[in-house]
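**Student:**
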């Protein structure tokens, strides 16, 4: 088994998108297997028994789970090309901090925005905008979060760019008005093939979210 | 000269993780005990995003989030007591288990310690905690430590909760020793290490502290 790379995948998942972007950045050939989360494959249940979630990277038969842990693994194993984490330990800690911030805030608060109503929805909207503004301040005048080159934090955040239309439509807000720099950064990232080839169309994400809302019984 | 300072709190499990890592590496550092109801200007300056401890300040630059700090310590002081394994797959596995405990343990602890819970809710939280510990026990298996023969990253992440087990048992009315004997044995083994025994507070002292906090917050 020379170098068999399989990704248990889901096209609309921002977490799976992170891994796909990393694999493309490194030029790694892999097989993508789209999972049906309402009918999880036996491979998924075997490879990720603890969380039973995608993405799962299976490298030469061995599973790696959790999107940013997979990204770090990819960065360490395929270290010949396109480094994602910086080499300096302080800058690495700084990158990990911001990826952790994105993980703690963007998806859960975003989910509250589109999955709830009334007061929770309103406070989630406020919190989400606040988080995006904090990220904008961190970005500053740099082209990417990593500086001159696309890196770990950019990769952690950019899949949520596909959710901007959803946040705007369901949250009644304008990302361009609230966080113009972040929108600009997202557009810049999309100029990279690894990102444009990977990111789901914003409309497709919106439709997927509407479907989930329907299944949850939330209007 | 390299200067290492830790913004700390004696009863904080995340802060204990950092103190254990610093001790494992034999790093000399200055500690500043924070009053979490009256956070210092330094803490607010060094961790403006979360305003939480622990914060490690190395040569004036802050590093935040306990396991990110531990990984930083492991990378900078790489000459002694490696905490993460050198193999990439084993590293991913270690990070996975630290992520697991960090994702799961917060809610049941909050329910047990920081809320006035009904008996049903307390029981549910206690059961959740037992479930988490049982999964950890299965991962530990027959190994002396989570990563094998040597004390490492996952042990550092989990062992601070050992000092709080007594608190969880009293507030949740259950016995961890009965439910997870292997985990308790692993905790005792870790306590044989100076870096752990000098860091972890006395469980009864911790329990009294949490009771006192609950009283002050009006939690029954």
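Protein chains in written order, with UniProt numbering: chain Z, 1 to 219; chain F, 1 to 220. C-beta atoms are modelled at their ideal positions from N, C-alpha and C, and glycine is treated no differently.
When the Cα of residue 88 of chain Z is compared with those of F:74, F:94, F:163, which residue comes out closest?
**Tutor:** Locating residue 88 of chain Z in the first chain gives position 88, counting from the first residue. Residue F:74 is the option with its Cα nearest to residue 88 of chain Z.
**Student:** Going by CA-CA distance only, name the one from Z:50, Z:27, Z:58 that's closest to residue 9 of chain Z.
**Tutor:** Taking the first residue of the first chain as 1, we reach residue 9 of chain Z at position 9. Here the closest residue by C-alpha is Z:58.
**Student:** For residue 68 of chain F, return the contacting residues in chain Z, with the cut-off set at a CB-CB distance below 8 Å.
**Tutor:** For the purposes of this step, residue 68 of chain F is identified with residue 68 of the second chain, where counting begins at 1. Going along chain Z in sequence order, the residues near residue 68 of chain F (Cβ under 8 Å) are 93, 96, 97, 100.
**Student:** Should residue 62 of chain Z be flagged as near chain F, meaning a C-beta pair shorter than 8 Å?
**Tutor:** Here residue 62 of chain Z is taken as the residue at index 62 of the first chain, counted from 1. It does: the Cβ of residue 62 of chain Z has a partner Cβ on chain F nearer than 8 Å.
**Student:** Got a sec: which bits of the region 200–217 of chain Z sit with their beta carbon under 9 Å from any beta carbon on chain F, in order along the chain?
**Tutor:** Of all residues in the region 200–217 of chain Z, none has a Cβ within less than 9 Å of some Cβ in chain F.
**Student:** Can you pull the chain Z residues whose beta carbon is under 7 Å from the beta carbon of residue 29 of chain F, in chain order?
**Tutor:** Along the second chain, read from residue 1 onward, the residue named residue 29 of chain F stands at position 29. In chain order: nothing, as chain Z lies at least about 16 Å away.
**Student:** Rounded to a whole number of angstroms, what is the C-alpha to C-alpha distance between residue 78 of chain F and residue 27 of chain F?
**Tutor:** The sequence position of residue 78 of chain F within the second chain is 78, counting from 1. The sequence position of residue 27 of chain F within the second chain is 27, counting from 1. So the two alpha carbons sit approximately 12 Å from each other.
**Student:** Tell me, please, whether the CB atom of residue 155 of chain F is closer than 8 Å to any CB atom in chain Z?
**Tutor:** If you number the second chain from 1, residue 155 of chain F lands on position 155. Residue 155 of chain F does not count as touching chain Z.
**Student:** So, are the CB atoms of residue 101 of chain F and residue 93 of chain Z less than 8 Å apart?
**Tutor:** Position 101 of the second chain, counted from the first residue, corresponds to residue 101 of chain F. Position 93 of the first chain, counted from the first residue, corresponds to residue 93 of chain Z. No. Outside cutoff.
**Student:** So, at 7 Å on beta carbons, what are the nonlocal neighbours of residue 156 of chain F in its own chain, with the 5 sequence-adjacent residues on each side left out?
**Tutor:** To locate residue 156 of chain F, count along the second chain from 1; it is residue 156. Same-chain partners within the cutoff: 17, 20, 21, 70, 83.
**Student:** Which chain F residues sit within Cβ distance under 8 Å of residue 134 of chain Z?
**Tutor:** Stepping through the first chain from its first residue, residue 134 of chain Z is reached at position 134. By Cβ distance, chain F contributes 49.
**Student:** How far does the beta strand (DSSP E) with residue 8 of chain F in it extend, from its first residue to its last?
**Tutor:** The count along the second chain starts at 1 and reaches residue 8 of chain F at position 8. Residues 4–8.
**Student:** What is the C-beta distance between residue 81 of chain F and residue 14 of chain F, in whole angstroms, given that I count them as a contact (C-beta under 8 Å)?
**Tutor:** Against the second chain, residue 81 of chain F aligns to sequence position 81. Against the second chain, residue 14 of chain F aligns to sequence position 14. Their Cβ separation, rounded to whole angstroms, is 20 Å, which puts residue 81 of chain F and residue 14 of chain F out of contact at 8 Å.
**Student:** Run down chain F in chain order and give the residues with a C-beta less than 9 Å from the C-beta of residue 76 of chain Z.
**Tutor:** Counting from 1 along the first chain, the entry for residue 76 of chain Z is found at position 76. Neighbours of residue 76 of chain Z on chain F, chain order: 88, 91, 92.
**Student:** Could you list the residues in the region 187–220 of chain F with a C-beta less than 8 Å from some C-beta on chain Z, going in chain order?
**Tutor:** The residues in question: there are none.
**Student:** With distances taken Cα to Cα, identify the nearest neighbour of residue 142 of chain F among F:31, F:181, F:165, F:168.
**Tutor:** Here residue 142 of chain F refers to the residue found at position 142 of the second chain. The option with the nearest alpha carbon to residue 142 of chain F is F:181.
**Student:** With distances taken from CA atoms, which of F:93, F:164, F:148 is nearest residue 109 of chain F?
**Tutor:** By 1-based counting over the second chain, the position of residue 109 of chain F is 109. Out of F:93, F:164, F:148, F:164 has the C-alpha closest to the C-alpha of residue 109 of chain F.
**Student:** Within 10 angstroms of its Cβ, does residue 125 of chain F collect 16 or more other Cβ (buried), or is it exposed?
**Tutor:** Position 125 of the second chain, counted from the start, is the residue given in the question as residue 125 of chain F. The residue is buried, with at least 16 neighbouring Cβ atoms inside 10 Å.
**Student:** Just curious, the alpha helix (DSSP H) that residue 32 of chain Z is in, first and last residue?
**Tutor:** Taking the first chain and counting its residues from 1, the one referred to as residue 32 of chain Z is at position 32. No alpha helix (DSSP H) contains residue 32 of chain Z, which is instead part of the beta strand (DSSP E) from 31–34.
**Student:** State the start and end residues of the unbroken alpha helix (DSSP H) segment that holds residue 158 of chain F.
**Tutor:** Numbered from its first residue, the second chain carries residue 158 of chain F at position 158. Taken as a continuous stretch (DSSP letters only), the alpha helix (DSSP H) holding residue 158 of chain F covers 153–158.
**Student:** Alpha carbons only, please: which of F:57, F:52, F:213, F:191 is nearest the one belonging to residue 24 of chain F?
**Tutor:** One-based indexing of the second chain puts residue 24 of chain F at position 24. Selected option, being the one with the closest Cα: F:191.
**Student:** Helix, strand or coil, according to DSSP, for residue 59 of chain Z in the structure here?
**Tutor:** Indexing the first chain from 1 puts residue 59 of chain Z at position 59. The answer is strand: DSSP assigns residue 59 of chain Z an E or B state.
**Student:** Whose Cβ in chain Z lies nearer than 7 Å to the Cβ of residue 96 of chain F?
**Tutor:** By one-based count along the second chain, residue 96 of chain F stands at place 96. Here the neighbours are 65, 66, 69.
**Student:** Which word fits residue 194 of chain Z, buried or exposed, when buried means at least 16 other C-beta atoms lie within 10 angstroms of its C-beta?
**Tutor:** Taking the first chain and counting its residues from 1, one reaches residue 194 of chain Z at position 194. Buried, by the Cβ-count rule.
**Student:** Which residues of the region 124–141 of chain F have a Cβ closer than 8 Å to any Cβ of chain Z? Give them in chain order.
**Tutor:** From the region 124–141 of chain F, only 135 have a Cβ closer than 8 Å to chain Z.
**Student:** In the DSSP assignment, the beta strand (DSSP E) including residue 64 of chain F goes from what residue to what residue?
**Tutor:** By 1-based counting over the second chain, the position of residue 64 of chain F is 64. Per DSSP, residue 64 of chain F belongs to the beta strand (DSSP E) from 61–64.
**Student:** If you draw a straight line from the alpha carbon of residue 214 of chain F to that of residue 131 of chain F, how long is it in whole angstroms?
**Tutor:** As a first step, residue 214 of chain F must be located in the second chain, where it is residue number 214. As a first step, residue 131 of chain F must be located in the second chain, where it is residue number 131. Going by the C-alpha atoms only, they are around 25 Å apart.
**Student:** Quick check: residue 85 of chain Z and residue 27 of chain Z, are their CB atoms within less than 8 Å of each other?
**Tutor:** Residue mapping note: residue 85 of chain Z aligns to position 85 of the first chain, counting from 1. Residue mapping note: residue 27 of chain Z aligns to position 27 of the first chain, counting from 1. No; because the gap between Cβ atoms is not below 8 Å, this pair is not in contact.
**Student:** Spell out whether any CB of chain Z is found under 8 Å from the CB atom of residue 76 of chain F.
**Tutor:** Here residue 76 of chain F corresponds to residue number 76 of the second chain, with the count starting at 1. Taking Cβ atoms only, chain Z reaches closer than 8 Å to residue 76 of chain F, which makes this a yes.
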